[in-house]
Amino acid sequence: MPDKKEIATLSIKISVDSTDLDKLEAQLKRIEGLMVSTGLKQPARGGFIMDFNAGQISINTPTITSGTIKSAKIKGIATDDAAGMLDKINEAFYNSGNKAFIAALDEAIDINIPVSHGEFTEFKQQVESEVSQLQASITAIQQTIADSDRAFAASLEHLRADIQSIKSGWL
133 MPDKKEIATL SIKISVDSTD LDKLEAQLKR IEGLMVSTGL KQPARGGFIM
183 DFNAGQISIN TPTITSGTIK SAKIKGIATD DAAGMLDKIN EAFYNSGNKA
233 FIAALDEAID INIPVSHGEF TEFKQQVESE VSQLQASITA IQQTIADSDR
283 AFAASLEHLR ADIQSIKSGW L
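Quick note on this note's numbering: the sequence shown kicks off at 133 and runs consecutively.
What follows is the structure, encoded as structure tokens:
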């Protein structure tokens with residue numbers, strides 16, 4: 133039995149520019165999607181066709197009876213401001229148990245000190261009070277300016293009358 137030895141290894145490397153193929157594949161997928169959505173073709177993966185008409189969604193498959201979704205609401209705790217929402221988000225993240233995420237969150241909290249709901253409400257009331265005081269001050273200043281304008285106009289009228297009487301010779 134003769135011994136066979138491998139004398140040389142032949143290696144061939146072929147490179148193909150696949151950008152045109154990728155573009156063609158994407159275009160074919162869009163065409164397939166259009167055909168499925170218009171009903172010309174059934175979905176290939178055993179999915180279902182959804183028909184959107186007049187705000188209603190009907191699902192037509194043998195295993196699911198047709199139905200209508202009237203409304204969907206997310207039920208949860210109502211919050212009246214952003215600080216309350218941030219408190220809930222922070223609590224949820226801390227309760228997740230993800231140590232890396234909690235460490236990153238703690239670092240962010242060190243940089244951006246969070247404000248609790250109570251602190252935010254107190255600050256909001258303080259700002260509203262100061263704005264109210266400023267509005268009252270502005271109103272008082274506007275009234276003073278109006279009174280000053282009236283007094284100045286009256287003084288000018290008296291001065292005009294005095295000038296007229298001097299010109300005419302009557303004092």
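Ideal Cβ positions, reconstructed from N, Cα and C, are used throughout, including at glycine. Keep in mind it's a predicted model, so treat the numbers as computed, not measured.
If we ignore side chains and look at the alpha-carbon of each, how far apart do residue i and residue j end up?
i: Gly250; j: Gln257; result: 11 angstroms
i: Ala268; j: Gln274; result: 10 angstroms
i: Asp100; j: Arg292; result: One cannot answer for residue 100 here, as it falls past the ends of the chain, which runs 133 to 303.
i: Gly229; j: Glu262; result: 42 angstroms
i: Thr253; j: Met167; result: 55 angstroms
i: Lys231; j: Leu160; result: 45 angstroms
i: Thr271; j: Leu288; result: 26 angstroms
i: Asp154; j: Ala235; result: 42 angstroms
i: Lys299; j: Asp281; result: 27 angstroms
i: Leu156; j: Phe255; result: 59 angstroms
i: Thr211; j: Val259; result: Low per-residue confidence applies at Thr211: pLDDT is 47, beneath 50, and the placement is therefore not dependable enough to give any value.
i: Ser264; j: Gly165; result: 59 angstroms
Whose C-alpha, out of the options, is nearest the C-alpha of residue i?
i: Ser248; options: Asn227, Glu223 and Leu266; result: Glu223
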